[in-house]
Each structure stands twice: as C-alpha cells, then as structure tokens.
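In numbering that gives the first Met the number 0, the protein residues as written are 0 to 102.
Glycine included, C-beta positions come from ideal geometry on N, C-alpha and C.
As structure tokens, the structure follows; a few thoughts come after it.
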Amino acid sequence: MIHFDKETFDQTLSEGKLMMVDFWAEWCGPCQMLGPVIESLAEQYDGKAVIGKVNTDDEGELAMRYTVMNIPTVIFFKDGKEIDRKVGVMPPDAFVQVLEQNL
Numbered sequence: 000m001i002h003f004d005k006e007t008f009d010q011t012l013s014e015g016k017l018m019m020v021d022f023w024a025e026w027c028g029p030c031q032m033l034g035p036v037i038e039s040l041a042e043q044y045d046g047k048a049v050i051g052k053v054n055t056d057d058e059g060e061l062a063m064r065y066t067v068m069n070i071p072t073v074i075f076f077k078d079g080k081e082i083d084r085k086v087g088v089m090p091p092d093a094f095v096q097v098l099e100q101n102l
C-alpha cells in the first residue's frame, strides 16, 4: 500500500501501470470502513497492480485535479488515464471486478 503525495502519485501514474487509488480523509467514517478493504486488496494484488491512498486533507491539489467531490472515492488508472471510479463504500467485489478486467 502506497500513501501517495503529489510527487509519488505523478511518478507512478507516468509508469502507466494499473493503479487503484483511494481518495480519503482521517475524519471520514465511511473512509475508515473502506480502509481494511483497500489494505486487503493491496496485499492480494501486490506485483499485479499499484494500490494506494491519497489523503485529501494533505493533497487537496490531487483531489481537485480529479474532481473528487465526495470521499471515499476510488479511482482506477491505466496507461496514465482514468478508466473507472467508485464513490462511497462498496463491497470488495466492486473493486476486484475492475482490477481483473484491466490486468
């Protein structure tokens, strides 16, 4: 699990790998509920996809760049472009489906 800042996010995005990024904040209850799911997927997809988090309080510029209006928002990227997004708490299968379709 990578905790992205702007620099590490841009660097990783430029590598073109499949990425799943959770935009969250510490004060957000639903974000806390989703946290263990994201961590589990990070372990499950280690070496296959890059899974990380962006704290919107610390990295507001990244949240604005991707028009993140509600959190948690999970955005999927491939080849440096957004390919899907999920807003709110969802079951793990919702994320697995997008990851599997794009590996």
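When DSSP builds the beta bridges, which residues end up paired with residue i?
i	result
V88	Its beta-bridge partners do not exist; DSSP assigns none.
E81	F76
K52	H2 and D21
Just confirm the distance between the C-beta atoms of residue i and residue j, as a whole number of angstroms; I'd bet it's less than 8 Å.
i	j	result
V53	F94	So it is not a contact: roughly 16 Å between Cβ atoms.
M0	A48	So it is not a contact: roughly 12 Å between Cβ atoms.
G87	P35	That belief does not hold up - the Cβ atoms of G87 and P35 are roughly 16 Å apart, past 8 Å.
I37	D21	5 Å
Does residue i pass the burial test, meaning 16 or more other C-beta atoms within 10 Å, or should it be called exposed?
i	result
W23	buried
L102	exposed
P68	Residue identity check: residue 68 is Met in the sequence provided, not Pro. Looking at its Cβ environment, which holds fewer than 16 other Cβ atoms inside 10 Å, M68 is exposed.
T66	exposed
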